[in-house]
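Chains as they are written, first to last, in the numbering used here: chain A, 46 to 300; chain B, 3 to 283. Beta carbons: idealized from backbone N, C-alpha and C, even for Gly. Note that this is a predicted model, so its numbers are computed, not measured.
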């Protein structure tokens, strides 16, 4: 909890409410994330975790609430602005660009202002610098041997790592990981969890949505629990998992 | 010789026009069913200017600027929707253009504009201008494809949502493609007006939009050489085979269907497959 002793959170989510028609998918959710922190975000299916994550990154517009990144209110910013202010998302359903190699997938994300300005994009041809960044990131996530392969040639475990590398290429202050262990074997999940554990550092924090409680328990020091769209518990992992309400709602047991 | 020159000039204008749509539909993945409207905007702009005494060469930039500027407004409004919705919206642009032209007496209304002056240098001059501009446009296309813009366009064409998550300003890039593509169509229109020397609203209707789209689809969406070959062949065919001209919409509609069903990557895709096969053996 050392990160939480700092005064200014890197990300503050304040009273976010998201509705779909008449249904309240997220109801006044609030959480804060500090620098160099790995925050586990759990909750049963349908708890609104992915919805809240999408609201944070800007894919969904909440009906109320505020999102503050590094002291700046970004609630009205478009997704592209939020990403360029320092957010990145690795999605649950991976979406690699299938016609590009892994190297090109990651190098593209490292394009910086060439992704924002068509004029800068048309005036620049060299990809060398971005490819060096991509090479180093793919090595960091354990894909050094597959940099020139296409996503269609690789299994899910590799593609999940590609998704993380591509998000890292944005040099995010806040990295949102949506169920990165879903669909992976026990060994793959453990390897991926080790990778996730290594991601937080000064200037980079991570929110991890995950159902694999064994791995979440192993790698996250703090947990946020959501149930039926509402905040249920927050605190140190072991305390939260021992909470009776959490056990009742999430684990289905009361003792 | 004069006939061959006309055919060749037609072919070059068709290539230029098809490449301008290839930039929007092929490179950036945005289907447009109203591209002929921008050919028309360029044609009307250029025809009006040469009729007022300007040389054809001096009308190229105004034709591109006016087509590109209207492209900017149309793009800003229509690129908010995607896929089939975009196709329907751009189809509306095509009908809107012909509808407006019909009611404008200043632009000749239903009767169109006749007596467009012969270009400087006559038929040979026009052929050379079409040749130079088409080659120049293709060089620009190749440059774009190899620049970061081509890299970004590839990602938008494949998956706009993923491109957004990566941090690409998708809306801005789509709009830029639309401006460049519509300006290119305007340039083709300037040449076209002086090739036929009579233009009317029906010269730039929905059929022409479908025709140019079929050139891009048959050539292979995004393939510069595939689209060049398809545009060359499909523009020449009606001039040699009267039946194709008589049943133009049917023939191009059928070609569109066949290409989408059996050759979704078009002629460009065929060469890619051939190269892959050779690489494997």
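| query | result |
| --- | --- |
| For a contact defined as C-beta to C-beta under 9 Å, what are the partners of residue 178 of chain A on chain B? | Here the premise fails: no neighbours, minimum Cβ distance about 14 Å. |
| Alpha carbon to alpha carbon, how far is residue 194 of chain A from residue 135 of chain A? | 20 Å |
| Based on the DSSP secondary-structure assignment, which residues constitute the bridge partners of residue 271 of chain A? | A:276 |
| Where does residue 262 of chain B land, buried or exposed, given buried means 16+ other C-beta within 10 angstroms? | exposed |
| Keeping to the same chain, check which residues put their C-beta closer than 6 Å to that of residue 193 of chain B; ignore five residues upstream and five downstream. | 15, 132 |
| Taking only beta-carbon positions, decide if residue 282 of chain B is within less than 7 Å of chain A. | At residue 282 of chain B the pLDDT is 49, less than 50, meaning the model places this residue with poor confidence and gives no usable figure here. |
| Is any non-hydrogen atom of the ligand ATP found closer than 6 Å to the C-beta of residue 216 of chain B, if you look at the structure I gave you? | You won't find the ligand ATP in this model; it holds no ligand whatsoever. |
| Among A:207, A:125, A:119, whose alpha-carbon lies nearest the alpha-carbon of residue 148 of chain A? | A:207 |
| Is residue 65 of chain A helix, strand or coil when you go by DSSP? | strand |
| Could you tell me whether the Cβ atoms of residue 40 of chain B and residue 195 of chain B are closer together than 7 Å? | no |
| Is residue 251 of chain A close to chain B? Criterion is C-beta to C-beta, closer than 7 Å. | no |
| Measure the Cβ-Cβ separation of residue 246 of chain A and residue 90 of chain A and say whether it is below 7 Å. | no |
| Which of helix, strand or coil does DSSP assign to residue 144 of chain A? | coil |
| Considering only the alpha carbon of each residue, which of A:61, A:192, A:110, A:155 lies closest to residue 146 of chain A? | A:192 |
| Against residue 163 of chain A, what residues of chain B qualify as contacts under a CB-to-CB distance less than 7 Å, listed in chain order? | 151, 174, 175, 178 |
| Using the beta-carbon of each residue, which ones in chain B are nearer than 9 Å to residue 100 of chain A? | The premise fails here: residue 100 of chain A is roughly 14 Å from chain B at the closest Cβ pair, so nothing lies under 9 Å. |
| Checking contacts by CB at 7 Å: is residue 121 of chain A closer than that to chain B? | no |
| Nearest to residue 233 of chain A by alpha carbon, out of A:243, A:122, A:205, A:275? | A:205 |
| Could you confirm whether any beta carbon from chain A is found closer than 7 Å to the beta carbon of residue 22 of chain B? | no |
| Strictly by DSSP, which residues pair up with residue 216 of chain A? | Answer is none; residue 216 of chain A lacks a bridge partner. |
| According to a CB-to-CB cut-off of less than 7 Å, which residues of the stretch 77–95 of chain A neighbour chain B? | none |
| Residues of chain A with a CB under 9 Å from the CB of residue 76 of chain B: which are they? | Those do not exist, as residue 76 of chain B stays about 17 Å from chain A at its closest Cβ, beyond 9 Å. |
| State the Cα-Cα distance for the pair residue 57 of chain A and residue 106 of chain A, rounded to the nearest angstrom. | 16 Å |
| Expressed to the nearest angstrom, what Euclidean distance is found between the alpha-carbon atoms of residue 214 of chain A and residue 150 of chain A? | 10 Å |
| So for residue 133 of chain A, helix, strand or coil by DSSP? | strand |
| Using a beta-carbon distance below 7 Å, is residue 267 of chain B in contact with chain A? | no |
| Nearest-angstrom Cα distance between residue 282 of chain A and residue 262 of chain A? | 6 Å |
| Can you grab the Cα-Cα spacing for the pair residue 182 of chain A / residue 144 of chain A, in whole Å? | 20 Å |
| Which residues, taken in chain order from the stretch 143–159 of chain A, show a beta carbon closer than 8 Å to some beta carbon of chain B? | 143, 144, 145, 149, 153, 154, 156, 159 |
| Please classify residue 249 of chain A: is it buried, with 16 or more other beta-carbons within 10 angstroms of its beta-carbon, or exposed? | buried |
| 7 Å is my cut-off, CB to CB: does residue 184 of chain B come that close to chain A? | no |
| With a cut-off of 8 Å, do at least 3 Cβ pairs link the stretch 151–163 of chain A to the stretch 134–146 of chain B? | no |
| Contact defined as beta carbons within less than 8 Å: I believe residue 228 of chain B pairs with residue 114 of chain B. What is the distance between those atoms, to the nearest angstrom? | That belief does not hold up - the Cβ atoms of residue 228 of chain B and residue 114 of chain B are roughly 33 Å apart, past 8 Å. |
| Nearest to residue 176 of chain B by CA position, among B:128, B:126, B:24, is which residue? | B:24 |
| Quick one: grab the DSSP three-state call for residue 181 of chain B. | helix |
| Going by the DSSP bridge assignment, what does residue 249 of chain A pair with across the sheet? | A:246 |
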